[in-house]
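*Asks:*
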Amino acid sequence: MALALPAGGAADPGPYVALGDSYTAGPLVPGGVGQPIGCARSDHNYPSLVTAATGIAQFRDASCSGATTAHMTAAQAVLLGIHAPQFDALNPDLQLVTIGIGGNDVGLVGVAVTCLELGLLAPTGQACRRHYAKPDGGDKVVDEIAATAPKIAATLQGVHARSPRARVLIVGYPAVAPANGVSCYPFVPLSADDLAYLDDLLRRTNAMLAEQAAANDAEYVDTYDDSVGHDVCTTPGRRWFEGLVPTAPAVPVHPNALGEASMARSVLRVLAQPRPLAASSAALTALRRSRRTVAAGRAVRISYTLARAASVTFGLQRSRGRGRYTAVRRLLTVNAGAGDNVVTLTARMLGRRAGLYRVTADLGDGTTQQVSFRIRGAR
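As structure tokens, this is what we get:
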């Protein structure tokens with residue numbers, strides 16, 4: 020299945036790493052690829068299709084069926100093996116990272132399966148909605164969506180810290196249930212209200228993902244709009260997502276090959292647009308030093324503020340006069356969190372030679388800040 024990068028897209032935007040859960044991996048979509056086998060990745064999932072369409076030469080698919088945000092930094096036990104933490108695939112040289120995660124933290128697929136089981140005996144009514152309603156009002160799944168938001172934020176910040184140059188796309192979930200809530204019972208054993216309820220949960224999840232993308236220097240990929248009208252209630256051939264009894268190779272309540280191709284098109288549309296300016300110059304505030312002048316053999320503290328988590332490299336230069344400086348000498352690299360940070364440049368790092376010095380903080384994406392101080396020699 021060939022896809023083309025829309026006009027305006029840059030050729031080979033890689034190196035590229037894909038992270039995510041089963042909607043990214045594409046379980047049972049022909050053909051299987053990668054290890055461990057329990058991750059059930061397809062070579063026709065949307066990351067693979069995006070790679071083929073853009074001509075990316077360096078690509079790694081670290082997605083794994085069943086993954087949650089916890090599996091970004093923790094190993095995942097799967098059939099016939101252990102999948103390493105997905106963040107292990109990240110490195111500072113990456114130019115593109117896509118992430119499709121959050122649905123398992125919320126429990127969307129489990130909710131859908133439970134609703135389908137309830138629906139077998141309840142072709143009308145609100146069996147699903149009532150099952151997840153809280154006794155004192157509200158909804159258990161809606162609460163899970165809210166609880167997942169900080170996990171998505173931490174995931175995006177973790178990607179930025181490990182791959183500061185990368186364009187980061189978080190991929191939303193497509194329209195698996197009919198957007199109009201019209202029942203197709205008994206083909207899909209859900210009442211009209213059950214379908215509307217599931218669609219509402221998916222929209223809420225996508226809205227949360229979009230909000231976290233905007234707040235954490237990432238781009239949101241809307242896969243929902245393109246997939247409307249191809250839900251589990253549509254006929255084979257037009258259906259991009261399978262129900263309890265699949266009619267095309269796919270895990271129930273997941274995209275088939277047509278659904279993965281739709282998600283790839285959505286990603287390609289975003290990639291065809293110019294990369295937005297990052298949280299821009301505001302990503303790193305001006306550096307502040309603890310002292311203007313420090314005696315030889317003393318440390319200097321540098322404080323700074325980050326709009327997002329990032330890997331920050333500090334370098335040192337000594338003035339040679341008339342605005343000239345020595346080449347940058349790398350001192351250290353730190354993985355700093357969003358907000359206020361302080362780094363200590365020890366006397367051993369600075370040396371004892373008197374003179375005017377300049378410290379540069381570099382995020383690796385072209386964002387830098389500098390501050391100067393003077394080392395005073397022994398009297």
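The numbering of the sequence shown is the numbering used here, which starts it at 20 and goes up by one.
For every residue, glycine included, the Cβ atom is placed at its ideal position computed from N, Cα and C.
Do you know whose CA, among 171, 273 and 91, lies nearest residue 194's CA?
*Replies:* Residue mapping note: residue 194 aligns to position 175 of the sequence shown, counting from 1. Residue 194 has its Cα closest to that of 273, out of 171, 273 and 91.
*Asks:* Nearest to residue 288 by CA position, among 393, 379, 188 and 201, is which residue?
*Replies:* Taking the first residue of the sequence shown as position 1, residue 288 is located at position 269. Per the Cα distances, 188.
*Asks:* Quick one: is residue 80 buried, meaning 16 or more other Cβ sit within 10 Å of its Cβ, or exposed?
*Replies:* As a first step, residue 80 must be located in the sequence shown, where it is residue number 61. It is buried - the Cβ of residue 80 has at least 16 other Cβ atoms within 10 Å.
*Asks:* Roughly how many angstroms separate the alpha carbons of residue 167 and residue 180, rounded to a whole number?
*Replies:* What you label residue 167 is simply residue 148 of the sequence shown in a count that begins at 1. What you label residue 180 is simply residue 161 of the sequence shown in a count that begins at 1. Taking the straight line from one Cα to the other gives about 20 Å.
*Asks:* Does the pairing of the region 336-352 with the region 360-375 give three or more beta-carbon distances under 8 Å?
*Replies:* At 8 Å Cβ cutoff, the stretches touch.
*Asks:* Keeping to the same chain, check which residues put their C-beta closer than 6 Å to that of residue 276; ignore five residues upstream and five downstream.
*Replies:* To locate residue 276, count along the sequence shown from 1; it is residue 257. If we look at residue 276 and ignore the five residues flanking it on each side, its Cβ neighbours are 48 and 63.
*Asks:* Distance check for residue 44 and residue 380, CA to CA, integer angstroms please.
*Replies:* Sequence index remark: in the sequence shown, residue 380 carries index 361 (1-based). Sequence index remark: in the sequence shown, residue 44 carries index 25 (1-based). Each residue's Cα considered, the two are about 37 Å apart.
*Asks:* Return the CA-CA distance between residue 34 and residue 112, expressed in angstroms with no decimal places.
*Replies:* Walking along the sequence shown from the start, residue 34 turns up at place 15. Walking along the sequence shown from the start, residue 112 turns up at place 93. Cα to Cα, residue 34 sits roughly 7 Å from residue 112.
*Asks:* Find out if the Cβ-Cβ distance for the pair residue 138, residue 208 is shorter than 7 Å.
*Replies:* Stepping through the sequence shown from its first residue, residue 138 is reached at position 119. Stepping through the sequence shown from its first residue, residue 208 is reached at position 189. Yes; because the gap between Cβ atoms is below 7 Å, this pair is in contact.
*Asks:* Rounded to the nearest angstrom, how far is the Cβ of residue 322 from that of residue 183, given a contact under 8 Å?
*Replies:* The count along the sequence shown starts at 1 and reaches residue 322 at position 303. The count along the sequence shown starts at 1 and reaches residue 183 at position 164. So it is not a contact: roughly 20 Å between Cβ atoms.
*Asks:* Using 7 Å as the threshold, is the C-beta distance between residue 389 and residue 377 below it?
*Replies:* Reading the sequence shown from its first residue, position 370 is the one you call residue 389. Reading the sequence shown from its first residue, position 358 is the one you call residue 377. Yes. Within cutoff.
*Asks:* Using beta-carbon positions only, say whether residue 102 and residue 66 come within less than 7 Å of one another.
*Replies:* Against the sequence shown, residue 102 aligns to sequence position 83. Against the sequence shown, residue 66 aligns to sequence position 47. For residue 102 and residue 66, no; Cβs fall outside 7 Å.
*Asks:* According to DSSP, is residue 246 helix, strand or coil?
*Replies:* As a first step, residue 246 must be located in the sequence shown, where it is residue number 227. Correct three-state label for residue 246: helix.
*Asks:* Please tell me whether residue 123 and residue 87 are closer than 7 Å, where the distance is taken between their beta carbons.
*Replies:* Counting from 1 along the sequence shown, the entry for residue 123 is found at position 104. Counting from 1 along the sequence shown, the entry for residue 87 is found at position 68. For residue 123 and residue 87, yes; Cβs fall inside 7 Å.
*Asks:* Restricting to runs no shorter than 3 residues, where is the beta strand (DSSP E) found entirely within the region 188-228?
*Replies:* If we require 3 residues or more, the region 188-228 turns out to have no beta strand (DSSP E) run fully inside it.
*Asks:* Along the chain, where does the beta strand (DSSP E) that runs through residue 395 open and close?
*Replies:* Within the sequence shown, numbered from 1, the residue matching residue 395 stands at position 376. Per DSSP, residue 395 belongs to the beta strand (DSSP E) from 387-395.
*Asks:* Does the distance from the CB of residue 57 to the CB of residue 97 come in under 7 Å?
*Replies:* Position 38 of the sequence shown, counted from the start, is the residue given in the question as residue 57. Position 78 of the sequence shown, counted from the start, is the residue given in the question as residue 97. In this structure, residue 97 lies closer than 7 Å to residue 57 by Cβ.
*Asks:* Taking 7 Å as the cut-off, decide whether the C-beta atoms of residue 196 and residue 250 are in contact.
*Replies:* As a working note, residue 196 is residue 177 in the sequence shown. As a working note, residue 250 is residue 231 in the sequence shown. Yes; because the gap between Cβ atoms is below 7 Å, this pair is in contact.
*Asks:* Considering residue 179, what are the terminal residues of the alpha helix (DSSP H) in which it resides?
*Replies:* Locating residue 179 in the sequence shown gives position 160, where the first residue counts as 1. It spans 159-181 - the alpha helix (DSSP H) in which residue 179 sits, taken as one unbroken run.
*Asks:* So within the region 66-103, which uninterrupted beta strand (DSSP E) runs reach at least 3 residues, ignoring any that extend past its ends?
*Replies:* Whole beta strand (DSSP E) segments, 3+ residues: 78-80, 95-97 and 100-102.
*Asks:* Can you tell me which of 285, 395 and 269 puts its alpha carbon nearest to the alpha carbon of residue 313?
*Replies:* Within the sequence shown, residue 313 is the residue found at index 294, counting from 1. Answer by Cα proximity: 395.
*Asks:* Pop quiz: residue 125 and residue 164 are said to be a contact at Cβ under 8 Å. What is the actual Cβ separation, rounded to whole angstroms?
*Replies:* Working through the sequence shown from its first residue, we reach residue 125 at position 106. Working through the sequence shown from its first residue, we reach residue 164 at position 145. Indeed, because the Cβ distance is near 5 Å, the residues count as touching under 8 Å.
*Asks:* Does at least one heavy atom of the ligand MG sit under 6 Å from the Cβ of residue 253?
*Replies:* This structure simply doesn't include the ligand MG, nor any ligand for that matter.
*Asks:* Mapping the DSSP letters down to three states, classify residue 33 as helix, strand or coil.
*Replies:* Within the sequence shown, numbered from 1, the residue matching residue 33 stands at position 14. Residue state, collapsed to three classes: coil.
*Asks:* Please tell me whether residue 147 and residue 213 are closer than 7 Å, where the distance is taken between their beta carbons.
*Replies:* Your numbering for residue 147 matches position 128 in the sequence shown. Your numbering for residue 213 matches position 194 in the sequence shown. Against a cut-off of 7 Å, the Cβ pair of residue 213 and residue 147 comes out as a contact.
*Asks:* What residue from 309, 225 and 252 has the CA that sits closest to residue 239's CA?
*Replies:* In the sequence shown, counting from the first residue as 1, residue 239 sits at position 220. Answer by Cα proximity: 225.
*Asks:* Quick check on DSSP: helix, strand or coil for residue 324?
*Replies:* Here residue 324 is taken as the residue at index 305 of the sequence shown, counted from 1. If DSSP states are grouped into helix, strand and coil, residue 324 belongs with the strands.
*Asks:* Taking all protein chains shown into account, decide if residue 32 is buried (16 or more other Cβ within 10 angstroms of its Cβ) or exposed.
*Replies:* Position 13 of the sequence shown, counting from 1, holds the residue named residue 32. Result: buried.
*Asks:* Please say whether residue 252 and residue 203 have beta carbons closer to each other than 7 Å?
*Replies:* To locate residue 203, count along the sequence shown from 1; it is residue 184. To locate residue 252, count along the sequence shown from 1; it is residue 233. Closer than 7 Å, so yes.
*Asks:* Would a C-beta distance cut-off of 7 Å place residue 361 and residue 320 closer than the cut-off?
*Replies:* Residue 361 sits at position 342 when you count from the first residue of the sequence shown. Residue 320 sits at position 301 when you count from the first residue of the sequence shown. Against a cut-off of 7 Å, the Cβ pair of residue 320 and residue 361 comes out as a contact.
*Asks:* Is it right to say residue 254 is buried, meaning 16 or more other beta carbons lie within 10 angstroms of its own, or is it exposed?
*Replies:* Translated into positions along the sequence shown, residue 254 becomes position 235. Exposed, since its Cβ has fewer than 16 Cβ neighbours within 10 Å.
*Asks:* Tell me the DSSP bridge mates of residue 61?
*Replies:* Here residue 61 refers to the residue found at position 42 when the sequence shown is read from its first residue. Answer by DSSP bridge pairing, in chain order: 51.
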